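Participant:
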Amino acid sequence: MSKAWLLLRCSIGVAALATVASIAQAQSVDIMSSPNVVGSGARALGMGGAFIAIADDATAASWNPGGLTQLERPELSLVYDFKWNTEKFSSWSHPEIGGSYDANFNGFNYASAVYPIRRTIAGRNLVVSLNYQRQYDFDRNLDFRYRDMLGLTGGNIAGISSNIKYRQRGQLSSLSPAFGFELTQRLSLGMVLNIWDESLLPENEWEIRLDERRKFHINGVMQPWSWVRFSMKEKYTGFRGINATIGALYRATDRLQFGMVYHTKFSADVNYERRVRIWGGSGSGFTTDRRRQEIVFPSAVGVGVAYRFPNDKLTISMDVTRREWDQFLIHDPRNRQINRRRVSGVSGLPPDQHDIDPVYTVRVGAEYVFVNDKKAFQNILPSVRAGVFYDPEPATNRSDRFFGLGRGNGKPDDYYGISLGAGVLIKDRVNLDLAYVYRWGSGVRRDTFGFSGTDADVRQHTLYLSTVVYF
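In the working numbering, the protein residues as written are 502 to 972.
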């Protein structure tokens with residue numbers, strides 16, 4: 502073997518070792534996931550979520566606390582949901598990541614106790630309630646392959662091939678005392694205090710698990726000594742924050758109502774822990790990093806209108822909501838990467854690298870109650886509902902470039918949906934409701950990987966079951 506050939510092999514080996522040592526310390530792909538906003542109640546969601554100007558059941562504190570004054574009897578409610586989500590990714594820059602990824606989960610959506618105060622003030626209704634609301638979901642599954650290459654000295658090419666599993670689980674809920682007060686016969690106001698505290702709600706946490714198995718190759722030849730397994734776990738616990746929801750309901754006539762609701766922005770403290778373990782490659786080891794973060798959640802404002810037709814059987818409604826997702830920020834002052842000490846919760850990037858536009862949601866719904874005018878009292882009172890909605894998600898809308906994505910203009914990802922629902926009131930004591938919601942988006946979630954020409958088609962199916970007991 503000539504000295505020149507031996508030197509070439511040694512130089513390639515040294516470069517390869519250096520490359521493996523560097524890539525072993527970090528995951529190959531940064532994956533970004535934002536929380537999903539959760540709606541409450543089978544009746545409201547069966548109408549597409551167009552409920553701000555109706556808000557006349559036990560979930561009123563979630564949609565518009567000004568509507569609480571319409572509740573005349575003590576009530577208990579419970580809502581449970583089942584979700585089936587699918588993401589189908591495609592990419593021309595990394596076609597190997599293409600595929601469908603599912604996340605199925607279920608849990609309690611809402612619970613409440615409502616009590617109208619019998620001794621009113623100046624003859625005006627006063628209603629109080631205590632509510633449990635699941636407001637954000639974090640569940641997501643990804644399982645994909647990833648390949649990348651880089652140049653070495655002497656015109657040689659190094660690359661990695663990885664199998665990556667990503668799991669995100671968790672939720673954020675609030676314990677929410679609320680009240681509604683009738684100012685006049687036509688105008689009611691209400692307020693909810695949302696308490697986000699893991700000491701009260703132990704499930705108020707979320708975690709991310711990533712497991713990556715990768716191999717290193719030079720000029721297309723796999724190197725048997727280069728096998729690396731990278732495992733990472735990020736956990737967010739001790740979540741604490743407080744915000745308010747303020748609502749108003751105005752009865753213009755006996756049949757026409759207007760509603761308005763405002764959710765305040767709030768900052769929450771959370772304990773962040775990151776554990777990394779590495780096997781193989783240039784050596785094995787593990788690291789643990791713990792620090793305190795501050796997460797700012799966005800404000801939102803919504804308006805609605807509802808009209809009940811003269812026969813008292815059909816009601817139609819419409820809502821428009823604006824949420825300020827540019828306010829969604831993560832403050833991480835002890836992060837060793839200085840440019841990651843203040844990042845967008847939407848993209849995981851510094852906010853000066855892109856725009857995030859407000860998101861406008863539009864919902865239209867209807868409810869038909871099968872009232873029998875010939876009966877003074879109905880033991881069984883059925884109803885049906887339907888709705889349509891436009892419900893976009895925040896995004897950077899960064900433009901494709903040969904390497905990665907350019908600066909984004911902040912245009913949201915478009916999502917649409919339809920809903921169907923049915924209910925039955927039994928002997929004016931127990932109400933049972935069922936709703937099915939189908940939501941979809943095409944060519945969305947480009948921020949997940951940050952690769953050129955990479956997006957997903959998303960399909961979401963949700964089933965809601967709820968019951969209300971009147972006393």
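Just so it is clear, CB atoms sit at the ideal spot from N, CA and C, and this is done for glycine as well.
Small disclaimer: the values here were computed from a predicted structure and weren't measured.
Cα-Cα, which of D915, V729 and W707 is closest to F717?
Facilitator: When each option's Cα is compared against that of F717, the closest is V729.
Participant: Grab me the residues of V970's own chain with a C-beta within less than 6 Å of its C-beta, minus the 5 sequence neighbours each way, in chain order.
Facilitator: Hits under 6 Å: L577 and V931.
Participant: If you follow the beta strand (DSSP E) that R730 is part of, which residue opens it and which one closes it?
Facilitator: It spans V729 to R752 - the beta strand (DSSP E) in which R730 sits, taken as one unbroken run.
Participant: Excluding the 5 residues flanking Y891 on each side, which residues of the same chain have their C-beta closer than 7 Å to its C-beta?
Facilitator: Once the five neighbours on either side are set aside, the close Cβ partners of Y891 are T862, V863 and Y917.
Participant: Return the chain-ordered list of same chain residues with a C-beta closer than 6 Å to the C-beta of R835, the five sequence neighbours on each side being excluded.
Facilitator: Result list for R835: R792, in chain order.
Participant: Look up A525 in the DSSP assignment and say whether it is helix, strand or coil.
Facilitator: In this prediction, A525 scores a pLDDT of 48, lower than 50, which makes its location untrustworthy; the coordinate-derived value is nonetheless stated afterwards. It is coil, neither helix nor strand.
Participant: Within the continuous beta strand (DSSP E) that includes R544, where are the two ends?
Facilitator: First-last for R544: A543 to G547, but that is the alpha helix (DSSP H), not the beta strand (DSSP E).
Participant: From this set, F740, A679 and I658, which residue's C-alpha is nearest E708's C-alpha?
Facilitator: Looking at the Cα atoms, F740 is the closest of the given residues.
Participant: Please report the straight-line C-alpha distance between L750 and A623, rounded to a whole angstrom.
Facilitator: Going by the C-alpha atoms only, they are around 19 Å apart.
Participant: Helix, strand or coil: which one does DSSP assign to R791?
Facilitator: Strand.
Participant: Check the DSSP bridge columns for K666 and list the partner residues they point to.
Facilitator: Paired residue(s): D644 and D712.
Participant: Output the boundary residues of the alpha helix (DSSP H) element that contains A562.
Facilitator: Looking at the DSSP string, the run of the alpha helix (DSSP H) that includes A562 is A561 to W564.
Participant: Using 10 angstroms around the beta-carbon of T949, count the other beta-carbons present and answer buried if the total reaches 16, otherwise exposed.
Facilitator: Classification for T949: buried.
Participant: Sort out for me which residues DSSP pairs P617 with in a bridge.
Facilitator: Looking at the DSSP assignment, P617 forms a beta bridge with V628.
Participant: Quick check: what's the CA-CA separation for P811 versus R756?
Facilitator: Whole-angstrom Cα-Cα distance: 8 Å.
Participant: Which stretch, first to last residue, makes up the beta strand (DSSP E) that contains W585?
Facilitator: Looking at the DSSP string, the run of the beta strand (DSSP E) that includes W585 is E576 to S592.
Participant: So, do the segment 697-704 and the segment 672-687 have three or more beta carbon pairs nearer to each other than 8 Å?
Facilitator: Touching, yes, given that three or more Cβ pairs across the two stretches are closer than 8 Å.
Participant: Where does D649 sit, in a helix, a strand or coil, going by DSSP?
Facilitator: If DSSP states are grouped into helix, strand and coil, D649 belongs with the strands.
Participant: Going by the CB atoms, is the gap between D853 and R842 shorter than 7 Å?
Facilitator: Their beta carbons are not under 7 Å apart, which means R842 does not touch D853 by this criterion.
Participant: First and last residue of the beta strand (DSSP E) that includes D934?
Facilitator: Element bounds for D934: V931 to V945.
Participant: Just list the residues that DSSP pairs Q571 with in beta bridges.
Facilitator: Beta-bridge pairing links Q571 to no other residue.
Participant: Buried or exposed: where does A517 fall if 16 or more other Cβ atoms within 10 Å of its Cβ makes it buried?
Facilitator: Below a pLDDT of 50, predicted positions are generally treated as unreliable, and A517, at 44, falls in that range; the measurement from the model is reported next regardless. Classification of A517: buried, given that the 10 Å Cβ count is 16 or more.
Participant: With the cut-off set at 7 Å, would you say L815 and Y773 are in Cβ contact?
Facilitator: No, Cβ-Cβ distance for L815 and Y773 is not below 7 Å.
Participant: Since G846 contacts G905 with CB under 8 Å, what's their CB separation in whole angstroms?
Facilitator: With a Cβ gap of about 20 Å, G846 and G905 do not count as contacting.
Participant: For Q758, report the span of its beta strand (DSSP E) as first-last.
Facilitator: First-last of the beta strand (DSSP E) with Q758: L757 to H764.
Participant: Considering K847, what are the terminal residues of the beta strand (DSSP E) in which it resides?
Facilitator: Here the sequence assigns Val to residue 847, which means Lys is not the residue at that position. Taken as a continuous stretch (DSSP letters only), V847 belongs to no beta strand (DSSP E), as it is neither H nor E.
Participant: Under DSSP, the beta strand (DSSP E) around P780 begins and ends at which residues?
Facilitator: Note that residue 780 is Trp in the sequence shown here, rather than Pro. F767 to G781 is the extent of the beta strand (DSSP E) around W780.
Participant: Assign K584 to one of two classes, buried (16 or more other C-beta atoms within 10 Å of its C-beta) or exposed (fewer than that).
Facilitator: Burial call: buried.
Participant: Run through DSSP, which three-state label would R841 get?
Facilitator: Correct three-state label for R841: helix.
Participant: Assuming N642 and D603 make a contact with CB atoms under 8 Å, what is their CB distance in whole Å?
Facilitator: Rounded, the Cβ-Cβ distance is 6 Å, consistent with contact.
Participant: Can you give me the Cβ contacts of K666 inside the same chain, cut-off strictly under 6 Å, excluding the 5 residues immediately before and after it?
Facilitator: Excluding residues within five positions, the ones whose Cβ falls inside 6 Å are D644 and D712.
Participant: Please determine, among V821, F731 and A745, the residue with the shortest C-alpha to C-alpha distance to G786.
Facilitator: Ranking the options by Cα distance to G786, first place goes to F731.
Participant: Using C-beta distances below 6 Å, list every residue in its chain close to D827, excluding the 5 sequence neighbours before and after it, in chain order.
Facilitator: I857.
Participant: Output the distance between the C-alpha atoms of R899 and R648, rounded to the nearest integer angstrom.
Facilitator: Taking the straight line from one Cα to the other gives about 22 Å.
Participant: How many Å lie between V693 and A562 at the Cα?
Facilitator: If I take the Cα positions, the gap works out to 7 Å.
Participant: Between the Cα of P536 and those of N880, D929, S967 and G849, spot the shortest distance and give me the residue it belongs to.
Facilitator: For P536, the nearest C-alpha among the options comes from G849.
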